[in-house]
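This is the structure:
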């Protein structure tokens with residue numbers, strides 16, 4: 453989506469410690485290792501925001517071309533979801549990309565509760581998104597709702613894509629071979 457929207461500045465909303473921007477060495481299309489994701493995406497800035505990690509607690513007071521939020525929304529309480537999703541979209545000029553796990557986390561919080569406190573089906577997430585995105589028509593979005601498919605071979609991720617991308621642009625979304633798209637909602 454960075455390339456699709458010609459984005460140059462990114463916000464990682466719920467970035468944690470931001471290790472993914474310091475230690476990952478992805479390869480470009482010529483299989484040349486890049487030093488950082490910022491180099492790979494050819495962006496001028498990646499801003500990390502995470503209210504639970506003190507060095508990244510400062511919510512920016514400006515917009516970014518794109519906002520990325522991976523493995524975050526399922527950790528927010530259901531009653532907070534609309535304002536959190538609205539905040540994410542309010543910080544984006546061009547796109548929002550998120551993925552949401554729809555299954556229990558392997559970790560528990562110190563109080564014993566599961567870390568994924570909002571486990572809802574994609575239809576629920578679609579209603580939340582549509583209630584917010586009507587106010588952000590200029591922002592393209594792609595949200596991958598992730599399920600775990602269990603069968604006798606084991607488990608593998610299955611994604612449902614919630615997006616406002618035009619059908620010709622949806623062809624640009626590539627998932628790894630180990631994932632399957634089961635449905636697209638526009």
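In my numbering, the protein residues as written are 453 to 638. Cβ atoms here follow ideal geometry from the backbone N, Cα and C, with glycine treated the same way. Keep in mind the model is a prediction, meaning the values are calculated, not measured.
Start and end residues, alpha helix (DSSP H) containing residue i
i, result
"residue 585", "574-585"
Boundaries (first-last residue) of the beta strand (DSSP E) holding residue i
i, result
"residue 542", "Taken as a continuous stretch (DSSP letters only), residue 542 belongs to no beta strand (DSSP E), being part of the alpha helix (DSSP H) at 533-542."
"residue 614", "606-615"
"residue 459", "Careful: residue 459 lies outside any beta strand (DSSP E) and carries neither H nor E."
"residue 522", "516-522"
Whether residue i touches residue j by CB criterion (7 Å)
i, j, result
"residue 518", "residue 459", "yes"
"residue 462", "residue 498", "yes"
"residue 550", "residue 557", "no"
"residue 593", "residue 537", "no"
"residue 614", "residue 595", "yes"
"residue 612", "residue 597", "yes"
For residue i, the three-state DSSP class (helix, strand or coil)
i, result
"residue 497", "strand"
"residue 590", "coil"
"residue 596", "strand"
"residue 556", "coil"
"residue 454", "coil"
Local Cβ density within 10 Å of residue i, reported as buried at 16 or more and exposed below that
i, result
"residue 553", "buried"
"residue 530", "exposed"
"residue 464", "buried"
"residue 535", "exposed"
"residue 453", "buried"
"residue 591", "buried"
"residue 521", "buried"
"residue 496", "exposed"
"residue 574", "buried"
Would you call the region 576-589 in contact with the region 506-517, where contact means no fewer than 3 C-beta pairs closer than 8 Å? Between the region 576-589 and the region 506-517 there are fewer than three C-beta pairs closer than 8 Å, too few to call the two in contact.
Are there three or more Cβ pairs, one per stretch, closer than 8 Å when the region 595-609 is compared with the region 530-545? Not touching, per the Cβ criterion.
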